[in-house]
Structure formats: structure tokens, C-alpha cells
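Residue numbers (my numbering): 1 to 293.
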Amino acid sequence: MTLMIDFPFPGLEPWVEHFKEVELPVLRHTMHQLAELREDAERINTRKLAAIIENDPLMTLRVFQYMAAHRSNRQSVELTTVERALMMIGTQKFFADFQDLPIIEQQLKGYPKAMLGLLKVMARSRQAAAWARDWALLRQNPAFEEIMLAALLHDFTEILMCCFAPSLTTRLKERQAAQPQLRTAALQNEEYGVILDELTVALATLWGLPELLVTLMNPANANSPNVMNVKLAVDFSRHTASGWNNPALPDDCREIEAFLHQGHSHFLERVGAPDELIAAARRAEELEDPLAS
Numbered sequence: 001m002t003l004m005i006d007f008p009f010p011g012l013e014p015w016v017e018h019f020k021e022v023e024l025p026v027l028r029h030t031m032h033q034l035a036e037l038r039e040d041a042e043r044i045n046t047r048k049l050a051a052i053i054e055n056d057p058l059m060t061l062r063v064f065q066y067m068a069a070h071r072s073n074r075q076s077v078e079l080t081t082v083e084r085a086l087m088m089i090g091t092q093k094f095f096a097d098f099q100d101l102p103i104i105e106q107q108l109k110g111y112p113k114a115m116l117g118l119l120k121v122m123a124r125s126r127q128a129a130a131w132a133r134d135w136a137l138l139r140q141n142p143a144f145e146e147i148m149l150a151a152l153l154h155d156f157t158e159i160l161m162c163c164f165a166p167s168l169t170t171r172l173k174e175r176q177a178a179q180p181q182l183r184t185a186a187l188q189n190e191e192y193g194v195i196l197d198e199l200t201v202a203l204a205t206l207w208g209l210p211e212l213l214v215t216l217m218n219p220a221n222a223n224s225p226n227v228m229n230v231k232l233a234v235d236f237s238r239h240t241a242s243g244w245n246n247p248a249l250p251d252d253c254r255e256i257e258a259f260l261h262q263g264h265s266h267f268l269e270r271v272g273a274p275d276e277l278i279a280a281a282r283r284a285e286e287l288e289d290p291l292a293s
């Protein structure tokens, strides 16, 4: 059942109650890819299957919801990655239980602006996940997969709002574009009646996501290096989403470069910045230290 909301709820609890009743939709492309693999369910590589799932944040959420709902009393260790979850479920069981899911494109048929916004958030989330994983590997962090997933899922409530409160989401985006100086949290409170970071933690807990992922997605834990890895990747992805001239990017770069112990030009190369920015960074570094060239 699709429950669309056209008015703000008064606070966190009504939203949590609302999302208890909804079934998460997934991208049509995800279902098409899974359909192509279904005949080879016995032989399919779980890593390949996990990669398809992780391309769709809401399908990733569904897998963790499923694991929480089917968790055995004998299972003492939480499964914190999609691939490990699939190994526990079994590929045949996965294909049997993940059929005929609601489709995002069908749900948002009459809301093209919300659909476009959703695709942008998903693309941003995938980029954040890729950067978070890369930076965790650079720091030789064994939790790189969990850090990647936390970055992928960090903004899942923004995706949910596109799906279930498309009119409110469109209005919020229009206000942000018209008044970019307004704080995002204040706008969310006005348009939704809740701050999305708070809703993210509440829903992740409600749906039984692994405690490690909930911790990594919670801004309250920002002093932890792993949480910082996630947050820096999410913020950098958000600020570069519309180009490389966002006024927040210089501060982002300084923070990330200090976190990774990387020079400015090397960092810009690593994240695929435009060539002219990399060249300007190199020139500035040579002026500061002529011997470095």
C-alpha cells in the first residue's frame, strides 16, 4: 500500500509510525537486473548479486530489514554487509522472497520533479559510498565495507521523502534553490515536521539495521574516525553534486586532506576533479615549495 503524505507531521514519532506501515519500493532497473539473473540462482556469484543490490539504496535497506525479521536466536553475530547477508539467506531463497516488489517509477508516475530529485539523491549516495570506501582503504581500515554501506544509506530518509512525500519534497527543494542561505535542518523541520538525520537513526533502529551501521550513520558520533570518514564523503558528494564551484568545497578539501594526510593536488586527482583545478593546485604547491617540482 502506498501512503502519500501531503502535509507535515508534528515531530519524529508520527513519521516513525507512518513508515511502519509502508513497503519500500525499489528501482525498476534493479528488478530487471535481478530478473536476468534469476535462472542462474544456483550458480550466481554473491558478490555480483550484492553489487546490484548496493546500486539501489532502498533495495539494500530491504535486505537488512529482511535479515532483522528472519534473525535466528542462535545467530550471535550481526551481518554487517550485503554479501554476508546473501550468503546467510542463500541465493535461491533470496530470489524466491524478493519477487514482485513495488517499483519507485510506478509510485512516482505523477511526480516527475520528485522522481528526478530521487535519482539525484541516489546518484549522490552512490558517489559518497565510492569515496567513503576508497578513503577507508587508503587508511587501511578493515571496516571499509561497512563504512561504504553507511555512506550509501546515510541519506535514505531523503529518498523515502521523495517516494512518500513528493509534494513536500518538491516544495522544500524549490525553497532551497530560491534561498540557499537557509539551513537545511530548519527547512526540513518546516516542510516535514522533522529533521531527517533524526528520522534516519530512528528508522534504522526500528528496522533492525546492524548496530555498527546505525552508529556510523549517526552524526552524534562525529568524533569517531569511522563516522568522520562517512560524514566527509557524504558532505563532499553533496557539495560536488552540482559542480565544483560550491563555496563549501575549500573547507571540505582541507578537512578531508587532513584526515587522509594527502596534499591538495593528489587529493583532487584521487576524487576525479576537473583538470584545471588539479593544474591550479599543482602550480600553487610549486610556488610554495619550488623544490617539490
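Note that CB positions come from ideal geometry on N, CA and C, so glycine has one too.
If you're wondering where the values come from, they're calculated on a predicted model, not measured in any experiment.
Euclidean distance between Cα positions of residue i and residue j
i	j	result
Glu174	Tyr192	14 Å
Met59	Val230	20 Å
Asp6	Asp252	35 Å
Val201	Phe156	10 Å
Arg47	Glu54	10 Å
Ala151	Ser125	7 Å
Leu212	Asn218	10 Å
Gly117	Asp289	44 Å
Val214	Glu286	43 Å
Gln176	Pro250	21 Å
Gly110	Leu209	31 Å
His32	Glu83	20 Å
Ile256	Asn223	14 Å
Ala178	Glu42	52 Å
Leu160	Met4	11 Å
Trp244	Val271	11 Å
Val16	Glu198	10 Å
Pro294	Val234	Since the displayed the chain opens at 1 and closes at 293, residue 294 lies outside it and no answer follows.
Ala284	Arg254	15 Å
Glu295	Glu158	In the structure displayed, the chain extends from 1 to 293; residue 295 sits before or after that span and is not available.
Thr205	Ala35	31 Å
Leu216	Leu153	10 Å
Ile52	Phe94	13 Å
Trp207	Gln107	22 Å
Pro8	Met115	20 Å
Ala123	Ser237	9 Å
Ala50	Asp40	15 Å
Ala69	Asn141	30 Å
Gln99	Glu21	19 Å
Proximity test, residue i beta-carbon vs the ligand FMN heavy atom, cut-off 8 Å
i	result
Cys162	Ligands displayed in this structure: none; no statement on the ligand FMN is therefore possible.
Other residues of its chain near residue i: CB distance less than 8 Å, five sequence neighbours each side excluded
i	result
Asp97	Tyr66, Ile89
Ile44	Leu37, Thr91
Leu260	Trp135, Leu138, Arg139, Phe267
Pro102	Thr2, Glu23, Leu24, Pro25, Val26
Assumed close pair residue i, residue j - CB separation to whole angstroms, cut-off 8 Å
i	j	result
Ala241	Lys120	7 Å
Leu196	Gln188	5 Å
Phe19	Leu149	Wrong, their Cβ atoms sit about 20 Å apart, outside the cutoff.
His264	Ala248	Their Cβ separation, rounded to whole angstroms, is 16 Å, which puts His264 and Ala248 out of contact at 8 Å.
Asp56	Thr81	Contact flag wrong, Cβ pair sits at about 16 Å.
Glu105	Arg28	5 Å
Same chain only: Cβ atoms within 6 Å of residue i, ignoring 5 sequence neighbours per side
i	result
Ala85	Val63, Met67, Leu79
Ser293	Reliability fails at Ser293, whose pLDDT of 48 lies under 50, so the model's placement of it is uncertain and no value is given.
Pro180	none
Val77	none
Residues near residue i in its chain [Cβ-Cβ closer than 7 Å; skip 5 each side]
i	result
Leu24	Leu58, Leu61, Arg62
Glu269	Ile278
Arg133	Phe144, Ile147, Met148
His239	Asn246, Ala248, Leu249, Asp252
Ala185	Ile195
Met228	Ala222, Phe259
Contact the region 8 to 24 vs the region 84 to 92: 3+ CB pairs below 8 Å: No, because fewer than three Cβ pairs between the region 8 to 24 and the region 84 to 92 fall closer than 8 Å, the two stretches do not touch.
Length at least 4, wholly inside the region 177 to 209: the alpha helix (DSSP H) runs in chain order: As summarised for the region 177 to 209, the continuous alpha helix (DSSP H) elements at least 4 residues long and confined to that stretch are 184 to 191, 196 to 206, given in chain order.
At least 3 beta-carbon pairs within less than 8 Å: the region 121 to 134 vs the region 60 to 75: They do not touch, by the three-pair rule.
Meets three-Cβ-pair contact criterion under 8 Å: the region 163 to 173 and the region 259 to 277: With a cut-off of 8 Å on Cβ pairs, the region 163 to 173 is not in contact with the region 259 to 277, counting fewer than three such pairs.
Every unbroken alpha helix (DSSP H) within the region 131 to 169, with a cutoff of 4 residues, ordered by chain: Assignment of alpha helix (DSSP H) within the region 131 to 169, counting only whole runs of 4 or more residues, yields 144 to 153, 156 to 164 in chain order.
Minimum length 4: unbroken alpha helix (DSSP H) runs contained in the region 29 to 108: The qualifying runs are 46 to 54, 57 to 69, 82 to 89, 91 to 97, 104 to 107.
4-residue-minimum alpha helix (DSSP H) runs that sit fully inside the region 247 to 288, ordered along the chain: Runs of the alpha helix (DSSP H) inside the region 247 to 288: 249 to 260, 264 to 270, 275 to 288.
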